[in-house]
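Chains as they are written, first to last, in the working numbering: chain A, 5 to 325; chain B, 88 to 352.
Report on one structure; see the data block that follows.
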Amino acid sequence: MPIVLIVAEQQPDGNLRKASLNAISAGKQLADKAGAELHLVLLGKEPAKVADELKGSGAKAVHLGAAAELEHYLAETYAPAIAALAQELKADYVGMASTAQGKDLMPRVAARLKSAMATDITAINGSGADVTFTRPMWAGNVFAEVKLTTPVKVFTVRATEFAAAAGGQGAAEVKTFAPKVEASKTKFVEFKEVKSARPELTEARVVISGGRGTKGDFKEIEALADELGAAVGASRAVCDAGWVPNDLQVGQTGKVVAPALYIAAGISGAIQHLAGMKSSKTIVAINKDAEAPIFQVADYGIVADLFKVLPELRQELAKLK
Amino acid sequence: MKILVTAKRVEDPESKIKVKPDGTGIVQEGLKYKINPFDEIGVEEGLRLVAKHQGEVVVVSIGGKEVQEQLRHALAMGAHRAVWVNHTGPLDQLAIAGLLQKVTEKEKPDLVILGKQSIDDDQNQVGQYLAEFLGWGQATFASKVESLESEQEKNKVPAVTLTADGKAVRVVREVDNGLATLECQLPAVVTTDLRLNQPRYASLPGIMKAKSKPIEELTPAKLGVDVTPAIQVLKLSSPPARKAGIKVPDVAALVDKLHNEAKVV
Ligand SMILES: Cc1cc2nc3c(=O)[nH]c(=O)nc-3n(C[C@H](O)[C@H](O)[C@H](O)COP(=O)(O)OP(=O)(O)OC[C@H]3O[C@@H](n4cnc5c(N)ncnc54)[C@H](O)[C@@H]3O)c2cc1C
Ligand SMILES: Cc1cc2nc3c(=O)[nH]c(=O)nc-3n(C[C@H](O)[C@H](O)[C@H](O)COP(=O)(O)OP(=O)(O)OC[C@H]3O[C@@H](n4cnc5c(N)ncnc54)[C@H](O)[C@@H]3O)c2cc1C
């Protein structure tokens, strides 16, 4: 029986990165279509900590590879360990969520397995040996259906396009293995976390993003985010100026989000920005320029000064409670 | 330091990309081409590093004869010489990284700098493949701690720094929830993110000088790389358009819509 191996990810704080669950559900879909069996792998110093969260995901087995050297993620130490497991299991497909780690790691795994790879898949088509992937190109202006023809096929998953798999208790068998750890020419020095009390940008139900129109003043955006329990996002212009942390950038070359509600304030709507938020369920645009392209994708647009609209919106929303 | 930087030819990010009705490609008419923006950032970082440590920046591009335009652009920015791998037709990551591996083995640079992703195919893979093929360390998504408006940026200080013994580079990377710093033994592969630097414009003298800088021509056959693609692009399509929305006159109307129609608040 063919094997699909999905790599789950542990955050630096030890918790499971939630996008792993979306990748697992893509893996399940792929396994069903390809007539394959789903396996999961998690590496780290103490991967067992989150193993319970993976048991109910519909996988046959969860492989835990623990080693002290794997405490800090490095592509150079993780890739050989995953590739070796994939070979041992005779995996046909190896996938992971398209997180920063997924993007860094999976091409290295693919190279080691001499395999072709599809990044950021949004759909799985066909069945059996004819499975193909759909993936975005040109900032989401184009979707390509691609077929990988190497014996092992590697991919990363766009988390917003696959519902999260159920975590929790379940039937998956937990197996431990001794990962093959190779010496690394790269040393982990430090990780400077940007701490935030807000929900994770890619997981939030509501996202409020500010653009250059804020002139760097995010106070009203944050106040509205507090009111709605929302995450804060930004355009590239805002991150480039250093007004907010880089990892809040939404778009082609930043984060892809698809919340129930996306509010864009002072964002013009360049194609590169739209690439990261066009799949949101409801989009609101606040912009003083009636011709701004953001209005072409907005369900509700309001042509006005954001510094006037945002406080009013916050007060009106508070009244709903 | 000797630095090899890649320069892919891509559609101008401002272009409007449309899929051909038969789904075999994109409509080429009216398109303008540029160096991949991430590669331009790579050239800039290379130039800053050699300005500080001496050395040479070599640019490489794979494609038909038109990619010489992008090589000339990099040369006009200040790169010293160029390598052109002449090949027309689709190339997958295995092929591109395989060709770059051979060019790297020939050039023996201390550092290879690539873009984190091409803005056409958006794969974000080649640098990582190359690092694995070479058996080198990798630092993807290179960024810097200071903003693009900072003094460091104005003074063109390289964000990729050499360690005191000159045997490794320190790279700050844009990752989820923060910045991670790695130290990679040289030689190494670095891929650029947007906040690494603001690339310079090519000056007029730079453009003139670039005309006489050498471009060496190679081919996959000369490099001994089999470039048969392992990816079949079966069909391209346009994403479904979003249903046109409405403009609301004021905040009260907006809240009413969000509450009663969209039911999201
Ligand atoms: C390689 C590459 C990758 C890129 N990747 C991304 C990406 O991932 N994400 C991304 O966002 N961009 C990306 N970009 C940049 C993108 O092309 C745009 O430049 C950027 O999104 C513009 O940001 P903005 O909308 O905030 O600024 P602008 O385009 O300057 O728009 C500001 C808007 O604010 C409005 N405004 C001004 N004042 C007010 C006010 N008081 N009230 C209301 N409205 C006001 C203006 O009318 C205007 O529409 C990328 C570009 C390139 C070349
Ligand atoms: C319509 C269409 C059809 C295609 N058909 C096929 C096909 O049938 N088979 C197939 O295998 N591939 C095909 N491709 C090409 C393939 O999808 C990608 O070009 C390839 O996978 C490389 O990905 P990327 O350019 O996104 O690299 P990324 O990994 O995103 O690029 C990272 C960096 O690699 C460097 N780089 C990439 N390419 C070059 C280059 N040419 N020269 C110099 N540096 C470079 C750049 O520095 C870039 O910044 C097709 C592409 C399109 C658009």
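Built from N, CA and C at the ideal position, the CB exists for glycine as well.
- In chain order, 209, 233, 234 and 235 place their CB closer than 8 Å to the CB of residue 203/A, counting only its own chain and leaving out the 5 sequence neighbours on each side.
- Among the CB atoms of chain B, one or more fall inside 9 Å of the CB of residue 119/A.
- Beta-bridge analysis with DSSP links residue 171/B to 148/B and 304/B.
- Below the 8 Å Cβ cutoff, chain A contributes 148 and 149 as neighbours of residue 322/B, in chain order.
- Look at residue 242/B: its beta carbon is at least 8 Å from all of the heavy atoms in ligand 1.
- Proximity to residue 340/B across 238/A, 273/A and 321/A peaks at 321/A, based on C-alpha coordinates.
- Not flagged as an interface residue toward chain B: residue 132/A, since no C-beta distance is shorter than 9 Å.
- Chain-order list of chain B residues neighbouring residue 140/A: 209 and 326, by C-beta distance under 9 Å.
- At a beta-carbon threshold of 8 Å, the residues of chain B lying near residue 305/A are 332, 333, 334 and 335, ordered along the chain.
- In this structure, the C-beta of residue 220/A stays at least 8 Å away from each heavy atom of ligand 1.
- Contact between the region 240 to 247 of chain A and the region 259 to 268 of chain A is not established, with fewer than three Cβ pairs separated by less than 8 Å.
- Here the alpha carbon of residue 164/B sits roughly 35 Å from the alpha carbon of residue 116/A.
- At a cut-off of 9 Å, the C-beta of residue 219/A has no neighbouring C-beta in chain B.
- Within its own chain, the residues whose Cβ lies closer than 6 Å to the Cβ of residue 51/A, once the five positions on either side in sequence are excluded, are 68 and 70, listed in chain order.
- DSSP places residue 158/A in the strand class (E or B) of the three-state scheme.
- With a cutoff of 8 Å, residue 191/A does not count as near ligand 2, since its C-beta is closer than that to no heavy atom of the ligand.
- Within 8 Å of the CB of residue 251/A, the CB atoms of chain B belong to 261, 262, 263, 264 and 265, in sequence order along the chain.
- DSSP lists 147/A as the beta-bridge partner residues of residue 140/A.
- Across the structure, residue 346/B and residue 244/B are spaced so that their CA atoms are roughly 51 Å apart.
- For residue 177/A, the beta-bridge partners assigned by DSSP are 65/A.
- Closest in alpha carbon position to residue 31/A, among 286/A, 163/A, 10/A and 141/A, is 10/A.
- Counting only Cβ-Cβ distances below 8 Å, residue 173/A has no contacts in chain B at all, with the closest Cβ about 27 Å away.
- With a contact defined as Cβ atoms closer than 8 Å, residue 129/B and residue 201/B qualify at about 6 Å.
- A straight-line Cα-Cα distance of about 49 Å links residue 330/B and residue 248/B.
- Taking the CA atoms as reference points, residue 84/A sits about 30 Å from residue 146/B.
- With a threshold of 16 other beta carbon atoms within 10 Å, residue 324/A falls short and is exposed.
- Your pair residue 257/B and residue 193/A checks out as a contact, with CB atoms roughly 7 Å apart and the cut at 8 Å.
- Taken through DSSP and simplified to helix, strand or coil, residue 99/A comes out as strand.
- In this structure, residue 310/A has its beta carbon less than 8 Å from a heavy atom of ligand 1.
- A distance of 9 Å or more separates the beta carbons of residue 144/A and residue 300/A.
- With contacts defined by Cβ atoms closer than 9 Å, residue 160/A and residue 78/A do not form a contacting pair.
- One thing to note: residue 112/A has its Cβ no nearer than 9 Å to the Cβ of residue 192/B.
- For residue 166/A, the CB stays at least 8 Å from every heavy atom of ligand 1.
- Following the DSSP letters along the chain, one finds residue 134/B in no beta strand (DSSP E) but inside the alpha helix (DSSP H) bounded by residues 124 to 140.
- At a cut-off of 9 Å between beta-carbon atoms, residue 245/B makes no contact with chain A.
- Within chain A, not a single residue places a beta-carbon under 8 Å from that of residue 253/B; the smallest gap is close to 15 Å.
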